[in-house]
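Everything on this sheet refers to the single structure shown next.
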Amino acid sequence: MSEDDERQQSLPSDLEFFVRRLLCSARPVAIQTSANPSASDQDLQQAQLWQLAQRTTALPLGRGAFTLATIYTLLTEAFTVPKLVLAGRLPAQQNATVNLDPSIRNIQELKSWPEFHNAVAAGLRLAPLQSFHCGHGKAYLFDKVVSKYLKCLYKLIGILKVTRSSKDTKPGIQNL
């Protein structure tokens, strides 16, 4: 059974299409407003767009889990990261685009971590290499990477324990 067959059995195609569309952050989201805009509608649009922008910034986390190891590439292939668009569109006004007002909110602060998560989600799409020319397979690479990570983690835990225990001890008093 190929990987495509396994993927099709894991989710029905309609549901998979719906989830992909739901997790897309590269298109402006629809804002529902009245057909005749007024001054108060601008404030309402900005408030609604702010809420939708917060939702949009959370999409890469779900997309990373949903598309985990689904793309096989060559080492020389270019890889693109999808955009993180925080704009909205107004279907009632011929899909006019509305951007967040930078004078009301700090957009760069809102986008800093989500852009990182977006890039990580894009990287998680990459499937592990099948084999290497040096004769070692992906299991060997996985073991090497995990063991290096665990060694660093254990060292860090040891340093934190020593630091914590040195803060707990007081001069002149012995710990029992």
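Using my numbering, you'd call the opening residue of the sequence shown number 5 and step up by one each time. Just so it is clear, CB atoms sit at the ideal spot from N, CA and C, and this is done for glycine as well.
Item checked: Unbroken beta strand (DSSP E) run spanning residue 93, endpoints -> Element bounds for residue 93: 92–94.
Checklist line | Separation of residue 163 from residue 128, as counted between CA atoms | finding: So the alpha carbons of these two residues sit roughly 30 Å apart.
Check: If residue 56 sits next to residue 121, beta carbons under 8 Å apart, how far is it from one beta carbon to the other, in whole angstroms?
Finding: With a contact defined as Cβ atoms closer than 8 Å, residue 56 and residue 121 miss out at about 17 Å.
Check: So what's residue 101 in DSSP terms, helix, strand or just coil?
Finding: Three-state result, residue 101: strand.
Next item on the list: Please say whether residue 60 and residue 88 have beta carbons closer to each other than 8 Å?
Entry: Taking 8 Å as the Cβ cut-off, residue 88 and residue 60 qualify as a contacting pair.
Check: What residue range is occupied by the uninterrupted alpha helix (DSSP H) comprising residue 118?
Finding: It spans 111–128 - the alpha helix (DSSP H) in which residue 118 sits, taken as one unbroken run.
Notebook entry, point to check: Beta-carbon separation of residue 102 and residue 35 under 8 Å?
Noted result: Yes.
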